[in-house]
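Residue numbering for the sequence shown is 498 to 838, as defined by the numbering used here. Beta carbons: idealized from backbone N, C-alpha and C, even for Gly.
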Amino acid sequence: MAARYARQVLFYGIGKEGQKTMMEKSVVLAGCGALGCTSANLLVRSGIKCLKIIDRDYIEESNLQRQSLFDEDDIKQNLPKAIAAQKKLQKTNSLIQVESFVADLNPTNIETLLQDAHLVVDGTDNFETRFLINDYCVKNKIPWIYGACIGSTGITMNIIPSKTPCFRCMLENVPPFGTAGTCDTEGIIAPIASLIASVQVAESLKILTNNYDAVSKGLLKIDLWRNEMKRIFAEDIKDKTNCITCSQHHYEFLTKNACSMTTTLCGRNAIQILPPVGSALDLVKLAARLEKVGKVSYNSFLLRLKTGKCELTVFPDGRSIISGTNDIAIAKGLYAKYIGM
Ligand SMILES: [Zn+2]
């Protein structure tokens, strides 16, 4: 234990006290893609009490270029990202608790999944989930760290409730980042994800050791291809807004109805379908039923059915990702036909 964190304890900003404080903290990582893999790896090596990883997706070949916790074996085994990440990370540091949740973070489960968090690190890929995290964290006064990247550009900002502008304040003043496309349509180079995640973890270390004076109070944007770096200071964001979330305390994303919600997974030619809350599926029985329909493979985490141009991936909670279509009606039709919940 002493040897494991020795170099970090030597660092003036952390020390023995800082390390001890960190080791009592629980962090939630929302999304384990390119940003999340790097964040999770650095956080687990730094030593905290618990890392909870929430991710709704499985690993695909196109992820390996930048999602550093995954390898070809994980794809062969059809592992969800959260499960593969947990396995790797627990080997990296057995002293801390690493938990995985193969789930879509939404208004129906956010209370449960984020309730013990001292900090939430953003590794998501969409605005909807970030607004939800922002509402929950501002309401419950939990710091969170926004991060996003596309192409060679990345952006990050700390949201410390009642001390800094929140995500909603920022979007009122700064043009939404990444709205022109996603990593699946515009591409991405791996270094920008590693860099932004590294900044997020550096900020995490400050927050987790209560070094709030050192915490960055504004927004940072970096373009590694054009060699540009830009800061927008907190005052320039906050003063222009009467924010619906942090000024008016109106948390509309927490009360949105997520039941039977469908989500188009940006640029991925895939659609996610959520079943009613509390649904459960027996994947073994489902596999037996679907074997007559098409090619079926399954493990304890997911079942996959190939039918025509589409592929259905179904999770034990009834959630499904249907790839090969961007048409919600087609996806819903396939879900009704084969899963039928
Ligand atoms: Zn705000």
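With three or more CB-CB distances shorter than 8 Å, the segment 560-570 counts as touching the segment 523-536. Under the three-pair Cβ rule at 8 Å, the segment 814-831 does not count as touching the segment 779-794.
The three-state reading of DSSP puts E625 in helix, counting H, G and I together.
In this structure, P640 sits away from L610, with a CB-CB distance that is not shorter than 9 Å. Counted as a single uninterrupted DSSP element, the beta strand (DSSP E) harbouring N655 occupies residues T650 to I656.
Here DSSP, grouped into helix, strand and coil, assigns E808 to strand. Look at T653: its beta carbon is at least 8 Å from all of the heavy atoms in ligand 1. With at least 16 other beta carbons inside 10 angstroms of its own, K735 counts as buried. Membership of R728 in the beta strand (DSSP E) is indicated by the continuous run E725 to I729. M519 and T804 have their C-alpha atoms roughly 48 Å apart. DSSP places A645 in the strand class (E or B) of the three-state scheme.
Ranked by how close their Cα comes to the Cα of T706, the residues I545, L539, L526 and K792 have I545 in first place.
About 4 Å separates the beta carbons of L716 and M654, which is inside the 8 Å limit, making them a contact pair.
Scanning its chain for C-beta atoms nearer than 8 Å, with the 5 sequence neighbours on each side dropped, one finds around R542 the residues T589 and N590, in chain order.
Annotation for T759: the continuous beta strand (DSSP E) segment containing it runs T759 to L762. When C-alpha distances from A731 are compared across W722, V774 and R665, the shortest belongs to R665.
Within the model, the alpha-carbon separation for L540 versus L548 is close to 8 Å.
Proximity to ligand 1 was defined by a C-beta distance below 6 Å to any of its heavy atoms, and the residues meeting it, in sequence along the chain, are P662, C663, R665, C666, C740, T742 and C743. The C-alpha of S659 lies about 13 Å from the C-alpha of N739.
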